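Undergrad: Let me give you the structure first, and then I'll get to my questions.
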Amino acid sequence: MGILGWIVLGLIAGAIAKAIMPGKDPGGIVITMLLGIVGAILGGFIGRAIFGSDIGSFFDLSTWLLAILGSLVVLGIYHVVTSRGHRAHS
1 MGILGWIVLG LIAGAIAKAI MPGKDPGGIV ITMLLGIVGA ILGGFIGRAI
51 FGSDIGSFFD LSTWLLAILG SLVVLGIYHV VTSRGHRAHS
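So in this note's numbering, spot 5 of the sequence shown is number 5, and the numbers just go up one at a time.
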């Protein structure tokens, strides 16, 4: 899958991860989508490390599940980092 496919997959996976994960995002939808792209790429690396093979095509269910999982991980880390910084300034 090319870089354009990863970007589209990441944008959609980021939106799905935001719908799944509760809480307010300080960065809004743009940051959530960018985190989704990073999460999709992270999910690809995780899938490659765990399953030992490349991620399938754009329409493969495993590709989508790994992209959403990676997006949830990145979004969760973002929530932890931004909530710590917010508490320190309050």
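Beta carbons are placed, not taken as given, at the ideal position from N, Cα and C, and that holds for glycine. Predicted, not measured: the structure shown is a model, and the values here were computed from it.
Hey, could you find the ends of the alpha helix (DSSP H) G52 is sitting in?
TA: For the purposes of this step, residue 52 is taken as the residue at position 52 of the sequence shown. Run containing G52: none; DSSP gives neither H nor E here.
Undergrad: How is the alpha helix (DSSP H) around G14 delimited, first residue to last?
TA: Looking up residue 14 in the sequence shown gives position 14. Residues I3 to I20.
Undergrad: In whole angstroms, what separates the C-alpha of G47 from that of V38?
TA: In the sequence shown, counting from the first residue as 1, residue 47 sits at position 47. In the sequence shown, counting from the first residue as 1, residue 38 sits at position 38. Going by the C-alpha atoms only, they are around 14 Å apart.
Undergrad: Mind checking whether L66 and G43 have CB atoms under 8 Å apart?
TA: Working through the sequence shown from its first residue, we reach residue 66 at position 66. Working through the sequence shown from its first residue, we reach residue 43 at position 43. Taking 8 Å as the Cβ cut-off, L66 and G43 qualify as a contacting pair.
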